[in-house]
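Trainee: Residue 1 is where the sequence shown starts when you use the UniProt record's numbering, and the numbers rise one by one after that.
For reference, the structure I am asking about is given below.
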Amino acid sequence: MRLGLAGTGRIGTAHAETLKGFEEVESVVVADVDTARATSAAAKLGVESVPLGELFAAGLDGLVVTAATDAHPGLIIAAVDAGIPVFCEKPVAADIPGTLAVIDRIGASDVAVQIGFQRRFDAGYAAARAAVASGELGWLHTLRATTFDPAPPPAEYVAHSGGLFRDCGVHDFDIIRWVSGREVGEVYAIGANRGERFFHDAGDVDTAAATLTLDDGTLATVSLTRYNGAGYDVRLDVLGSVSGVVVGLDDRAPLRSVEPGVEPLPGPPYPGFMERFRPAYTTELRAFLDVVAGRAPSPCGAADALEAFYIAEACEVSRRERRPVKLAEIRR
């Protein structure tokens, strides 16, 4: 198959490298709003490049979108209109109205759309989901999710990120839904700024915590920070009436026990999300090949992305207004 890729930044270049390594992929053609960057990336990768405006005339079987968020809606819609299955890194759009507009626009089409929530393809999260579904944990009482970045992104990124809950916590919100099989009914969220001033200037926070009440009464907590100097730390504890499991507690988890006689983890910690989730990204893109070939439906559609976005939006409203927020207030 012949695949296109729009957006040749860090993750786009990594995805292009992965795609060209799949036996089923005969060719990859990349494009970017910055034509020079696309040309340079293509030369390094040994793939084709075309101007972004010519990408949909390149005979594509599928499209991978890793461009800036504001380009996502137009590229998704253009691909669907052209009958080309599309994989797009989250989010569908920058906000809920934009996401709903895309869903409304493509709703009548049978062209597959897959949104990138790579944690669904991580072996640990998949095993936790299977443990919940099997009943071996009993009934769930608590889920504890953490996403701790080792260092903050640049100020210009933060200013256009949509905030910590929408940009970062949305992955935790999606995976809590996916692992538990439940929906979120209500949230209460708080945030703090103890780092760089640019978070405050952007109306954002550098550290946050949220309590989610699921629709069956299960409680979930989500902790987020941009300042975990020990290293990249993403985990999920899934605790039930019979047993419990944890995702992300491996030899590279940036944790140090202070209990006597406990040996330190060998490390080193993961420096960031690309290293931690590299196998998951590969599995996710392989799943997209099945979507393109018609062997499987999309494993994570735009409606799933919308649900995670609703939770993120509810958390942001809760943080600003310092009150519990029911998801029914946010859904449209």
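The beta carbon of each residue, even a glycine, is placed where N, CA and C say it ideally should be.
1) Under the DSSP definition of a beta bridge, which residues are partnered with Val325?
2) Are the CB atoms of Gly169 and Val238 within a distance shorter than 8 Å?
3) Can you name, in chain order, every residue of its own chain whose Cβ lies under 7 Å from the Cβ of Lys90, other than the five neighbours on each side?
4) If you compare alpha carbons, which of Gly59, Ala202, Phe288, Pro279 is closest to Pro299?
5) Alpha carbon to alpha carbon, what distance is there between Ala312 and Phe165?
6) Taking 8 Å as the cut-off, does the stretch 89-108 touch the stretch 38-53 (at least 3 CB pairs, one atom from each stretch)?
7) Tell me whether His200 is buried or exposed, calling it buried when 16 or more other Cβ atoms sit within 10 Å of its Cβ.
8) Looking at the unbroken beta strand (DSSP E) that takes in Ile84, where does it start and where does it end?
9) Could you name the residues that DSSP lists as bridge partners for Ser134?
10) Could you say if the stretch 50-67 and the stretch 131-138 meet the contact criterion of at least three C-beta pairs nearer than 8 Å?
11) Assuming residue 335 and Leu52 form a contact by the criterion Cβ under 8 Å, report the distance between their Cβ atoms to the nearest whole angstrom.
12) DSSP three-state label for Val29, please.
13) Can you tell which of Val187, Asp172, Arg194 has the C-alpha that lies nearest to the C-alpha of Pro152?
14) Scan the UniProt domain "GFO/IDH/MocA-like oxidoreductase" (125-241) and note each continuous beta strand (DSSP E) run of 3 residues or more that stays entirely inside, going in chain order.
15) Taking the alpha-carbon positions, what's the Val158 to Gly229 distance?
16) Determine, using beta carbons only, whether Gly138 comes closer than 8 Å to chain C.
17) Using 8 Å for Cβ pairs, my map puts Val80 next to Val111. What's the rounded Cβ distance?
18) Please state whether DSSP places Glu316 in a helix, a strand or coil.
19) By Cβ distance, which residues of its chain are closer than 8 Å to Pro268, with the 5 residues on each side in sequence left out?
20) From the DSSP output, read off the bridge partner residues of Glu48.
21) Is the beta carbon of Gly62 sitting closer than 8 Å to the one on Pro97?
22) With DSSP as the reference, label Leu5 as helix, strand or coil.
23) Gly116 lies in the beta strand (DSSP E); which residues open and close that run?
24) Taking the C-alpha atoms as reference points, what is the distance between Ser180 and Ser161?
Mentor: Well, looking at it:
1) DSSP output for Val325 lists Val187 as bridge partner(s).
2) Going by C-beta atoms, Val238 is not nearer than 8 Å to Gly169.
3) So the list reads Ile115, Gly116, Phe117, Val170, Ala305, once near-sequence residues are dropped.
4) Answer by Cα proximity: Phe288.
5) Looking at the backbone, the Cα of Phe165 and that of Ala312 are separated by about 5 Å.
6) By the C-beta criterion, the stretch 38-53 is judged not to be in contact with the stretch 89-108, since fewer than 3 inter-stretch pairs fall below 8 Å.
7) His200 is exposed by the Cβ-count criterion.
8) Element bounds for Ile84: n/a, residue is neither H nor E.
9) Looking at the DSSP assignment, Ser134 forms no beta bridge with any residue, so it has no partner.
10) Counting C-beta pairs with one atom in each stretch, the stretch 50-67 and the stretch 131-138 have fewer than three that are closer than 8 Å, which means they do not touch.
11) The structure shown has nothing for residue 335, since the chain only spans 1 to 332.
12) Here Val29 carries a strand assignment [DSSP, helix/strand/coil].
13) Here the closest residue by C-alpha is Arg194.
14) Those beta strand (DSSP E) runs which fall completely within the UniProt domain "GFO/IDH/MocA-like oxidoreductase" (125-241) and span 3+ residues are 140-148, 184-192, 207-214, 219-225, 233-240.
15) Going by the C-alpha atoms only, they are around 18 Å apart.
16) In the displayed structure, chain C is absent; only one protein chain is listed.
17) Rounded to whole angstroms, the Cβ separation of Val80 and Val111 is 5 Å, and the two are in contact under 8 Å.
18) Shown here, Glu316 sits in a helix according to DSSP, grouped into three states.
19) Closer than 8 Å at the Cβ level, and outside the excluded window around Pro268, lie Gly231, Arg252.
20) Answer by DSSP bridge pairing, in chain order: Val29.
21) Pro97 sits away from Gly62, with the two beta carbons spaced by 8 Å or more.
22) Reduced to three states, the DSSP call for Leu5 is strand.
23) That run of the beta strand (DSSP E) goes 113-116.
24) Inter-residue distance for Ser180 and Ser161 is about 27 Å (C-alpha atoms, whole angstroms).
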